[in-house]
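One structure below.
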Amino acid sequence: MFVRKGLKRPTLLKVLLIFGTRPEAIEMAPVAKAIEKSPDLKGIVCVAAQHREMLDQLLKFSEKPDIDLNLTRFFGA
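Pasting the structure below:
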């Protein structure tokens with residue numbers, strides 16, 4: 049646990065993982081798992097969903113992301 053200046057209680061260090069394509073998600077999976085196992089870290093997963101169909105296939109087998117930017121809605125894919 050980390051103690052921030054001015055706080056008396058320990059806090060988790062937040063780590064934001066951002067990816068948009070299936071290959072990026074595959075590369076980030078071990079990092080996300082390691083963060084998940086750490087008692088000192090809180091992982092936040094954000095997907096840009098640049099390649100929505102391929103990314104959704106992969107995400108079926110893992111937890112839902114915390115944040116979904118859904119960029120295909122604005123830019124197409």
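Each residue of the sequence shown is one higher than the one before, starting from 49 at the first, in our numbering. All residues carry an ideal CB built from backbone N, CA and C; glycine is no exception.
Among the candidates the options, whose CA atom is the shortest distance from the CA of residue i?
i: Leu-119; options: Ile-74, Ala-80 and Gln-98; result: Gln-98
Kindly list the residues whose CB is nearer than 8 Å to the CB of residue i, restricted to its own chain and excluding five residues on each side of it in sequence; keep chain order.
i: Asp-116; result: Cys-94, Val-95 and Ala-97
i: Leu-61; result: Phe-50, Asp-88, Leu-89 and Lys-90
i: Val-63; result: Ile-83, Leu-89, Lys-90, Gly-91 and Ile-92
Just grab the DSSP bridge partners of residue i for me.
i: Leu-152; result: Here the chain covers residues 49 to 125 and nothing more, so residue 152 does not appear.
i: Val-95; result: Phe-67 and Asp-116
Residues in the same chain with beta-carbon distance under 7 Å from residue i, minus the five sequence neighbours each way, listed in chain order, please.
i: Met-76; result: Leu-65 and Phe-67
i: Ala-80; result: Leu-65, Gly-91 and Val-93
On the criterion of 16 or more Cβ atoms from any shown chain inside 10 Å, does residue i qualify as buried, or is it exposed?
i: Pro-78; result: exposed
i: Pro-113; result: buried
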